[in-house]
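Visitor:
In the numbering used here, the protein residues as written are 187 to 559.
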């Protein structure tokens, strides 16, 4: 019997864009990178905090050999937990509650929102904790929109009642320093999400069809675990590479300049994704003893670091009349995380304005600015 294809909620943005993505995921190796491990450990910490369970620095984390609770994990989880507590106003909270997708979204299976709750009978708050550094928006967040569908189905809320319900999406991302802040919000009427659910239903069916089609794109290809073995992505990358050297024999107006810049940025992202995928594949083969033409693995060296305690470094320096230790204050953020009131941190610290840089404005940001779903 052919194993059932996984269409995970966390990859919704990818399989909505590319029906082949779940197949690529199934055929790939699950690599536990340091960032992924940190994210899962930070989620464990946040879950215990929300359930009023003890969390101590150095505490072993179940399921992750050698991983212990760190100050960075606690600080990240605290941003998420504080937002949940502040916006739920003491109402019942569901933490990692298991819900089952039904109907045409049944292939998604079981989902576990990080947290959600009914602030009032007409407002549903849904929370997502993202410990990674890549920006995640609350607006049009496919993963969270799936969660809302599961919640409404579980509470047996029909289309008529959806018209009177406001959904508040809140994403906490402590390690991404964006102009919106570490917590982002999107409020929308539940009935206005129907178009999204229709798209998700069609995408889930297409992804689980016998021969799903691969569609290349910057966002889904960059994060796709199977990009190394995707022939469609390979052809796209080669095509982009062949056009990189094409020149423009005339000046571009503002509109054309924006389009050209966006196209080249997309091409660069696709090529970067292809390159990183091939680099990982090459390193894996070399580690197995295979030969990769023109490449080898070489280990470099970090900066020198002391292998003796700080007091021994100080004593060693004193013997030769050299000052080997420097005392300096912690950063304002570290002080605030340690318990210094934000009022005093803000009063006695500042943030210098950085050099203005060109940023890319996505269509979703434009739609949000004009109040369109």
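For glycine and all other residues, C-beta sits at the position ideal for the given N, C-alpha and C.
Counting only the same chain and skipping the five closest in sequence on each side, list residues whose C-beta sits under 6 Å from that of residue 376.
Guide: The count along the chain shown starts at 1 and reaches residue 376 at position 190. If we look at residue 376 and ignore the five residues flanking it on each side, its Cβ neighbours are 348, 351, 353.
Visitor: Relative to the C-alpha of residue 196, which residue among 322, 289, 467 is closest?
Guide: Locating residue 196 in the chain shown gives position 10, where the first residue counts as 1. With distances taken between Cα atoms, residue 196 lies closest to 322.
Visitor: Determine whether the beta carbon atoms of residue 265 and residue 324 lie at a separation below 8 Å.
Guide: Counted from its first residue, the chain shown places residue 265 at position 79. Counted from its first residue, the chain shown places residue 324 at position 138. Contact flag unset, no.
Visitor: Whole angstroms is fine: what's the gap from residue 366's alpha carbon to residue 232's?
Guide: Start at 1 with the first residue of the chain shown, and residue 366 comes out as number 180. Start at 1 with the first residue of the chain shown, and residue 232 comes out as number 46. Their backbone Cα atoms lie some 22 Å apart in a straight line.
Visitor: Just the C-alpha distance for residue 399 and residue 259, rounded to the nearest angstrom, thanks.
Guide: Reading the chain shown from its first residue, position 213 is the one you call residue 399. Reading the chain shown from its first residue, position 73 is the one you call residue 259. Taking the straight line from one Cα to the other gives about 39 Å.
Visitor: Would you list the one or two residues that DSSP bridges to residue 236?
Guide: The residue labelled residue 236 in the question sits at position 50 within the chain shown. Its beta-bridge partners do not exist; DSSP assigns none.
Visitor: Compute the Euclidean distance between the alpha carbons of residue 453 and residue 462, then round it to the nearest angstrom.
Guide: The residue given as residue 453 occupies position 267 in the chain shown. The residue given as residue 462 occupies position 276 in the chain shown. About 14 Å.
Visitor: Using the beta-carbon count (16 or more within 10 Å), is residue 314 buried or exposed?
Guide: As a first step, residue 314 is located in the chain shown; it is residue number 128 there, counting from the start. The residue in question, residue 314, is buried, as its Cβ has 16 or more Cβ neighbours within 10 Å.
Visitor: Please classify residue 153: is it buried, with 16 or more other beta-carbons within 10 angstroms of its beta-carbon, or exposed?
Guide: There is no way to answer for residue 153, as the model of the chain reaches only from 187 to 559.
Visitor: Closest to residue 287 by CA distance: which of 339, 326, 305, 392 is it?
Guide: Here residue 287 is taken as the residue at index 101 of the chain shown, counted from 1. Taking only the C-alpha atoms, the option nearest residue 287 is 339.
Visitor: Per DSSP, residue 278 is paired with what?
Guide: Looking up residue 278 in the chain shown gives position 92. DSSP lists no partner for residue 278.
Visitor: From the DSSP secondary-structure annotation, give me the bridge partner or partners of residue 301.
Guide: Here residue 301 refers to the residue found at position 115 of the chain shown. Its beta-bridge partners are 281, 313.
Visitor: Between the segment 271-286 and the segment 294-308, do three or more beta carbon pairs fall short of 8 Å?
Guide: At 8 Å Cβ cutoff, the stretches touch.
Visitor: Leaving aside the five residues before and after residue 234 along the sequence, list all residues of the same chain whose C-beta is less than 6 Å from its C-beta, in chain order.
Guide: Residue mapping note: residue 234 aligns to position 48 of the chain shown, counting from 1. Same-chain partners within the cutoff: 241.
Visitor: Roughly how many angstroms lie between the CA atoms of residue 473 and residue 491, to the nearest whole one?
Guide: In the chain shown, counting from the first residue as 1, residue 473 sits at position 287. In the chain shown, counting from the first residue as 1, residue 491 sits at position 305. The alpha-carbon atoms of residue 473 and residue 491 are separated by roughly 28 Å.
Visitor: If you draw a straight line from the alpha carbon of residue 369 to that of residue 356, how long is it in whole angstroms?
Guide: Counting from one through the chain shown, the residue named residue 369 turns up at place 183. Counting from one through the chain shown, the residue named residue 356 turns up at place 170. Computed Cα separation, rounded: 7 Å.
Visitor: Do residue 511 and residue 502 come within 8 Å of each other at the CB atom, strictly closer than that value?
Guide: The residue labelled residue 502 in the question sits at position 316 within the chain shown. The residue labelled residue 511 in the question sits at position 325 within the chain shown. Their beta carbons are not under 8 Å apart, which means residue 502 does not touch residue 511 by this criterion.
Visitor: Quick check: residue 317 and residue 198, are their CB atoms within less than 8 Å of each other?
Guide: Here residue 317 is taken as the residue at index 131 of the chain shown, counted from 1. Here residue 198 is taken as the residue at index 12 of the chain shown, counted from 1. Not a contact, by the Cβ cut-off of 8 Å.
Visitor: In chain order, what residues of the same chain have a beta carbon less than 7 Å from the beta carbon of residue 247, not counting five sequence neighbours either side?
Guide: Within the chain shown, numbered from 1, the residue matching residue 247 stands at position 61. So the qualifying residues of the chain are 227, 230, 253, 254, 255.
Visitor: What do you reckon, are the CB atoms on residue 257 and residue 328 nearer than 8 Å?
Guide: Taking the chain shown and counting its residues from 1, the one referred to as residue 257 is at position 71. Taking the chain shown and counting its residues from 1, the one referred to as residue 328 is at position 142. No, the pair does not count as a contact, with Cβ atoms beyond the cut-off.
Visitor: In whole angstroms, give me the CA-to-CA distance for residue 522 and residue 342.
Guide: Translated into the one-based positions of the chain shown, residue 522 becomes position 336. Translated into the one-based positions of the chain shown, residue 342 becomes position 156. Those two C-alpha atoms are separated by around 43 Å.
Visitor: Output the distance between the C-alpha atoms of residue 310 and residue 484, rounded to the nearest integer angstrom.
Guide: In the chain shown, residue 310 corresponds to position 124, counting from 1. In the chain shown, residue 484 corresponds to position 298, counting from 1. Computed Cα separation, rounded: 53 Å.
Visitor: Determine the closest residue to residue 380 out of 391, 345, 364, with distance taken between C-alpha atoms.
Guide: Sequence index remark: in the chain shown, residue 380 carries index 194 (1-based). Comparing Cα positions, the closest option is 345.
Visitor: Nearest-angstrom Cα distance between residue 291 and residue 301?
Guide: Reading the chain shown from its first residue, position 105 is the one you call residue 291. Reading the chain shown from its first residue, position 115 is the one you call residue 301. Straight-line Cα distance between these residues: approximately 21 Å.
Visitor: What does DSSP give as the partner residue(s) for residue 355 in the beta ladder?
Guide: Start at 1 with the first residue of the chain shown, and residue 355 comes out as number 169. DSSP, once it has assigned bridges, lists 312, 372 as partnering residue 355.
Visitor: What's the gap between the Cα of residue 134 and the Cα of residue 458?
Guide: Absent from the structure is residue 134, since the part of the chain shown begins at 187 and ends at 559.
Visitor: Leaving aside the five residues before and after residue 223 along the sequence, list all residues of the same chain whose C-beta is less than 8 Å from its C-beta, in chain order.
Guide: Position 37 of the chain shown holds residue 223. Around residue 223: 250, 253.
Visitor: Tell me the rounded alpha-carbon separation between residue 262 and residue 529.
Guide: Locating residue 262 in the chain shown gives position 76, counting from the first residue. Locating residue 529 in the chain shown gives position 343, counting from the first residue. Distance between the alpha carbons of residue 262 and residue 529: 20 Å.
Visitor: Quick one, which of 193, 499, 219 has its alpha-carbon nearest residue 208's?
Guide: Within the chain shown, numbered from 1, the residue matching residue 208 stands at position 22. Among 193, 499, 219, the Cα nearest to that of residue 208 belongs to 193.
Visitor: Report the option in 271, 337, 518 whose CA atom is closest to the CA atom of residue 237.
Guide: The count along the chain shown starts at 1 and reaches residue 237 at position 51. Nearest of 271, 337, 518 to residue 237, Cα basis: 271.
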